[in-house]
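Have a look at the structure below, then the notes.
In our numbering, the protein residues as written are 5 to 279.
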């Protein structure tokens, strides 16, 4: 897998100028990453995310994903100046326990160069071990710039044109990273017209919310349901102060740990650029 991956990197570098990209050593695009891996391998890992499906239904998902990947072959990637970094995050759920998952995070490359804070408090910490609750809380509230962006509603040509860092690929694995991108890409299905419809609906709702927020506060309240009322209707018991505190600390720890992981993934990428 490693040899074929770096062969794909070399090929991608040669092909960049055909798509209007500036050539950089070791540059690679999402499209090149996806097509450096056999489609059935990607489809199998994609389908495995549906752990509640029967083998028969998973088989249909595998076929659908493999066919979808085939439709991307003739699409021309579009350069938008964005970069994908695969970052492993933690989800600490009170009921289901702690789990790790890979997120394919999207950044503007110019923002990474201009906004990253090399002297952030996060730069001095690599683990939460030994930190007090107050120290963890402080890290959880530390702003991390630049922001990453959602792209599940982005045009597919743009997603295929996002750049990836081969060193990051080797850190998180080419198949998991490619599948994470495909998962976001197909969040609303395998028909791009559905993605377009969802994008239009999101814009409509955003405009509707903007209009509501222009109303006086008492008028705004008519459009929103208080959380307490929702909990009561769902039969969710009110938590004790001790439970609220424990939940807050667990959430702060999760936010701080994920913030550390995100910060140091960005830092590692930028340090490689400097070197």
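Every residue gets a Cβ at the ideal spot worked out from N, C-alpha and C, and that includes glycine. The structure displayed is predicted, hence computed values, not measured ones.
Note to self: Could you give the first and the last residue of the continuous alpha helix (DSSP H) run that contains residue 274?
What the structure shows: 245-278
Assigned exposure category for residue 255 - 16 Cβ within 10 Å defines buried:
exposed
field: residue 134 to residue 244 span [Cα, whole Å]
entry: Approximately 27 Å between the Cα atoms of the pair.
- prompt: Sorted by chain position, which residues of the same chain lie with C-beta nearer than 7 Å to residue 3's C-beta, five sequence neighbours on each side aside?
  reply: The structure shown has nothing for residue 3, since the chain only spans 5 to 279.
| query | What are the start and end residues of each continuous alpha helix (DSSP H) run of 4 or more residues lying completely inside the stretch 101-146, in chain order? | reply | Contiguous alpha helix (DSSP H) elements confined to the stretch 101-146 occur at 113-119, 137-144, taking only those with 4 or more residues.
With 16 as the cutoff for other CB atoms within 10 Å, does residue 103 come out buried or exposed? Residue 103 comes out exposed.
Taking the continuous alpha helix (DSSP H) assigned at residue 207, which residues delimit it?
For residue 207, the enclosing alpha helix (DSSP H) has its first and last residue at 196-217.
| In chain order, each alpha helix (DSSP H) run of at least 4 residues that lies wholly inside the stretch 25-82 | 34-38, 43-52, 59-75
- CB residue 140 to CB residue 50, shorter than 7 Å? no
What did DSSP end up calling residue 173 once you bin it into helix, strand or coil?
helix
Pull up the DSSP beta-bridge partners for residue 166, would you. In DSSP, residue 166 forms no bridge with anything.
Can you give me the C-alpha to C-alpha distance between residue 188 and residue 31, rounded to a whole angstrom? Straight-line Cα distance between these residues: approximately 22 Å.
Review point. So the beta strand (DSSP E) residue 87 belongs to, where does it begin and stop?
Key: 86-97
For residue 194 versus residue 72, is the C-beta spacing smaller than 7 Å?
yes
Q.
So the candidates are 260, 75, 108, 46; which of them puts its Cα closest to the Cα of residue 146?
A. 260
With 16 other Cβ atoms within 10 Å as the buried cut-off, status of residue 269
buried
**Prompt:** What are the start and end residues of the alpha helix (DSSP H) that includes residue 221?
**Reply:** 221-224
TODO: Flag this pair as yes or no: are the beta carbons of residue 176 and residue 106 separated by less than 7 Å?
DONE: For residue 176 and residue 106, yes; Cβs fall inside 7 Å.
ask   = From the DSSP output, which residues share a beta bridge with residue 153?
value = 110
With H, G and I counted as helix, E and B as strand and the rest as coil, what does DSSP make of residue 240? coil
Worksheet item: For residue 179, which of helix, strand or coil comes out of DSSP?
Response: Residue 179 falls in the helix class under three-state DSSP.
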